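Working notes, structure below.
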Amino acid sequence: MLNGGLVTGLRLPAFIVTLGTLNIAFALTHIVSNDLTFSPLPSELLFFGRTFTLAGADVTYGVVMMLGLYALAWFGLSQTAWGRHVYAVGDNPEAARLTGINTNRVLFSVYALAGLTYGIAALLLVGRTGLGDPNAGQTTENLDAITAVVLGGTSLFGGRGTVIGTLIGAVIVGVFRNGLTLIGVEVIYQYLVTGILVILAVAVDQLTHRRRL
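Residue numbers for the sequence shown follow the numbering used here, beginning at 1438 and rising by one.
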């Protein structure tokens, strides 16, 4: 919500605000934790890491939460007026404003929902690892998220993309990383390959955007 207020209220560049708040949150995490990793954690925080049996397979409650969030996002973006407004603002904010859409309200709602989603993602990560690590989610997870979104067909220029495509992109990145791990590729080379992959995906997105223009 802080990001949304700064972007819509003060008209600050979204990328700069996001980068700034990332560093503020990172610093506060280390200050509050004194650079310590906490374990064991209260059982309530580990709920999403627990499993139940379905058709002979162990499934975590985190997976159920993830699929539920995907379903809600799909419904909101594809079946509601709010979702159409989000696509319109992402494609061309000025044109959306001229058609009567309250672009500031739409942007603020998107940032607020994104913040809520990040919080849930943090709970899922804690449930999976069982640790309170102040360094968690700082590097490769961010790059993997960007790669998954772009591979799924979402344009970094806005106005194009689907939730289902993002899910497929996330599955591709997950399988790709697990495959590299299983064949014994060192982590540093996994970063290298993932970096190349995201650059290629963004390059394809750039070419597609130019053709649309």
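For glycine and all other residues, C-beta sits at the position ideal for the given N, C-alpha and C.
Keep in mind it's a predicted model, so treat the numbers as computed, not measured.
Between which residues of its own chain and residue i is the CB-CB distance below 8 Å, once the five residues before and five after are set aside?
| i | result |
| --- | --- |
| Arg1614 | Asp1581, Gln1627 and Thr1631 |
| Thr1554 | Leu1506 |
Out of the options, state which residue places its alpha-carbon closest to the alpha-carbon of residue i.
| i | options | result |
| --- | --- | --- |
| Phe1484 | Val1612, Leu1561, Ile1625 and Thr1445 | Leu1561 |
| Ile1501 | Gly1486, Leu1514 and Phe1512 | Reading off the sequence, residue 1501 comes out as Val, not Ile. Ranking Gly1486, Leu1514 and Phe1512 by Cα distance to Val1501 puts Gly1486 first. |
| Val1586 | Ser1476, Asn1572 and Gly1602 | Gly1602 |
| Ala1558 | Thr1584, Ala1518, Gly1499 and Trp1511 | Gly1499 |
| Arg1542 | Gly1552, Leu1553 and His1522 | His1522 |
| Leu1473 | Gly1513, Ile1625, Ala1573 and Ser1480 | Ala1573 |
| Glu1481 | Thr1536, Met1503 and Val1563 | Val1563 |
Here's a check: name, in chain order, each residue in its chain whose Cβ is nearer than 7 Å to the Cβ of residue i, leaving out the five neighbours to either side.
| i | result |
| --- | --- |
| Thr1540 | Val1526, Pro1530, Ala1533 and Arg1534 |
Can you find a heavy atom of the ligand HEM that lies under 7 Å from the Cβ of residue i?
| i | result |
| --- | --- |
| Ile1633 | Here there are no bound small molecules, and the ligand HEM is not part of this structure. |
Our contact map puts residue i next to residue j with C-beta atoms below 8 Å; I'd like the distance itself, whole angstroms only.
| i | j | result |
| --- | --- | --- |
| Leu1588 | Val1622 | The pair is not a contact, with the Cβ atoms about 19 Å apart (cut-off 8 Å). |
| Gly1651 | Thr1599 | Any answer about residue 1651 is impossible in this case: the structure gives the chain only from 1438 up to 1650. |
| Leu1568 | Phe1463 | Not a contact, Cβ separation roughly 17 Å. |
Residues in the same chain with beta-carbon distance under 6 Å from residue i, minus the five sequence neighbours each way, listed in chain order, please.
| i | result |
| --- | --- |
| Gly1596 | Tyr1524, Gly1527 and Asp1528 |
| Leu1634 | Thr1584 |
| Asn1466 | Residue identity differs from the one stated: residue 1466 is Thr in this sequence, not Asn. Cβ neighbours of Thr1466 beyond the five flanking positions: Pro1571. |
| Trp1511 | Val1600 |
Give the list of continuous beta strand (DSSP E) stretches no shorter than 3 residues that lie fully inside the segment 1568-1622. none
List in chain order: all unbroken alpha helix (DSSP H) runs of 4+ residues lying wholly within the segment 1458-1530. 1498-1516 and 1518-1528
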